[in-house]
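Visitor: Take this structure first; my questions come after.
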Amino acid sequence: MEKLKQNKIWLTIIVIGVVIIGILLAMLHQQKQSSPEAQSSSYASSAKAASSSQRVEDQNNEKVYAKKASNMKGHVYSEYFTTWSENDFKAWANKYMNQPESERHKDGVSESFGTSTSWKNSRTNMVYPLDKIAKQIQSDGYVFNYYKTVKDFNKDYPGVNPDDIKK
Numbered sequence: 031m032e033k034l035k036q037n038k039i040w041l042t043i044i045v046i047g048v049v050i051i052g053i054l055l056a057m058l059h060q061q062k063q064s065s066p067e068a069q070s071s072s073y074a075s076s077a078k079a080a081s082s083s084q085r086v087e088d089q090n091n092e093k094v095y096a097k098k099a100s101n102m103k104g105h106v107y108s109e110y111f112t113t114w115s116e117n118d119f120k121a122w123a124n125k126y127m128n129q130p131e132s133e134r135h136k137d138g139v140s141e142s143f144g145t146s147t148s149w150k151n152s153r154t155n156m157v158y159p160l161d162k163i164a165k166q167i168q169s170d171g172y173v174f175n176y177y178k179t180v181k182d183f184n185k186d187y188p189g190v191n192p193d194d195i196k197k
């Protein structure tokens with residue numbers, strides 16, 4: 031009888047030990063799954079999926095923007111609609127550069143180029159954007175950032191919604 035009681039005690043101890051080891055192994059397995067190493071592959075795959083999804087959305091937007099741009103009329107200068115043609119810019123550059131420097135560099139000398147905004151010279155700050163624009167037109171023979179059509183603008187900036195061009 032004594033031997034049977036000792037065997038029951040040992041059997042109980044062994045069963046409790048196996049249960050505890052099982053619980054510890056389950057906890058270790060769960061901890062491994064939540065470790066940064068285990069999650070990095072999950073993060074990488076979700077980031078890749080998000081990137082792919084964004085790329086598809088961007089491509090779809092670009093197609094929509096291209097279609098919009100082909101139907102829109104007008105000239106674009108520096109992300110603004112303009113009423114000026116390229117010849118108007120060239121004529122302005124010649125007229126502007128023929129003025130004496132003292133006239134060109136006065137405070138408040140400005141030009142809108144047919145847009146809703148103005149580019150202004152500032153003698154106070156020693157900033158003369160109009161000189162830079164006029165010299166670029168004269169030296170290069172074309173107007174930088176000028177597009178004859180919205181479609182041409184869209185070719186250089188396919189990700190910009192043509193509706194966002196400032197009027």
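Residue numbers (my numbering): 31 to 197.
Built from N, CA and C at the ideal position, the CB exists for glycine as well.
For the candidate residues Asn-117, Leu-54, Val-94 and Phe-183, whose alpha-carbon lies nearest to that of Tyr-172?
Guide: Here residue 172 corresponds to residue number 142 of the sequence shown, with the count starting at 1. Of the candidates Asn-117, Leu-54, Val-94 and Phe-183, the one whose C-alpha sits nearest the C-alpha of Tyr-172 is Asn-117.
Visitor: Using the C-alpha atoms, what's the distance from Gln-60 back to Phe-183?
Guide: Locating residue 183 in the sequence shown gives position 153, counting from the first residue. Locating residue 60 in the sequence shown gives position 30, counting from the first residue. Roughly 55 Å between the two C-alpha positions.
Visitor: Under DSSP, the beta strand (DSSP E) around Phe-111 begins and ends at which residues?
Guide: Here residue 111 is taken as the residue at index 81 of the sequence shown, counted from 1. Taken as a continuous stretch (DSSP letters only), the beta strand (DSSP E) holding Phe-111 covers 110-112.
Visitor: Where Lys-181 and Ala-96 are concerned, what is the direct C-alpha to C-alpha distance, given to the nearest angstrom?
Guide: Within the sequence shown, numbered from 1, the residue matching residue 181 stands at position 151. Within the sequence shown, numbered from 1, the residue matching residue 96 stands at position 66. So the alpha carbons of these two residues sit roughly 7 Å apart.
Visitor: Sort Lys-125, Glu-141 and Ile-39 by Cα distance to Pro-13 and report the nearest one.
Guide: Residue 13 lies beyond the residue range present for the chain, which begins at 31 and ends at 197; the question has no answer from this structure.
Visitor: Tell me which same chain residues have a C-beta within less than 8 Å of the C-beta of Asn-91, skipping the five on either side of it?
Guide: The residue labelled residue 91 in the question sits at position 61 within the sequence shown. Result list for Asn-91: Gly-189 and Asn-191, in chain order.
Visitor: Is the segment 123-143 touching the segment 160-167, taking contact as three or more C-beta pairs under 8 Å?
Guide: Output reads yes: the segment 160-167 touches the segment 123-143.
Visitor: So who's on the other strand from Ser-140, going by DSSP bridges?
Guide: Taking the sequence shown and counting its residues from 1, the one referred to as residue 140 is at position 110. Bridge partners of Ser-140: Lys-150.
Visitor: Roughly how many angstroms lie between the CA atoms of Ile-167 and Lys-78, to the nearest whole one?
Guide: Numbered from its first residue, the sequence shown carries residue 167 at position 137. Numbered from its first residue, the sequence shown carries residue 78 at position 48. If you take the alpha carbons of Ile-167 and Lys-78, they lie about 45 Å apart.
Visitor: So, helix, strand or coil for Lys-178, using DSSP?
Guide: For the purposes of this step, residue 178 is taken as the residue at position 148 of the sequence shown. In the structure shown, Lys-178 sits in coil (DSSP, three-state: anything other than H, G, I, E or B).
Visitor: Closest to Tyr-107 by C-alpha separation, out of Gly-144, Glu-133 and Lys-136, would be which residue?
Guide: On the sequence shown, residue 107 is found 77 positions in, with the first residue counted as 1. Cα-wise, what sits closest to Tyr-107 is Gly-144.
Visitor: Would you mind reading off the limits of the beta strand (DSSP E) that contains Tyr-107?
Guide: What you label residue 107 is simply residue 77 of the sequence shown in a count that begins at 1. Looking at the DSSP string, the run of the beta strand (DSSP E) that includes Tyr-107 is 105-107.
Visitor: According to DSSP, is Val-157 part of a helix, a strand, or is it coil?
Guide: Taking the first residue of the sequence shown as 1, we reach residue 157 at position 127. Reduced to three states, the DSSP call for Val-157 is strand.
Visitor: Considering only DSSP beta bridges, list what Lys-38 is partnered with.
Guide: Here the question's residue 38 lines up with position 8 in the sequence shown. DSSP output for Lys-38 lists no bridge partner at all.
Visitor: Which first and last residues belong to the alpha helix (DSSP H) in which Met-127 is found?
Guide: The count along the sequence shown starts at 1 and reaches residue 127 at position 97. 116-128 is the span of the alpha helix (DSSP H), which, as asked, contains Met-127.
Visitor: Give me the Cβ distance between Phe-111 and Lys-197, rounded to the nearest whole Å; I'm assuming they're in contact under 8 Å.
Guide: Counted from its first residue, the sequence shown places residue 111 at position 81. Counted from its first residue, the sequence shown places residue 197 at position 167. That belief holds up - the Cβ atoms of Phe-111 and Lys-197 are roughly 5 Å apart, short of 8 Å.
Visitor: Is the beta carbon of Arg-134 closer than 8 Å to that of Asn-155?
Guide: Here residue 155 refers to the residue found at position 125 of the sequence shown. Here residue 134 refers to the residue found at position 104 of the sequence shown. No, Cβ-Cβ distance for Asn-155 and Arg-134 is not below 8 Å.
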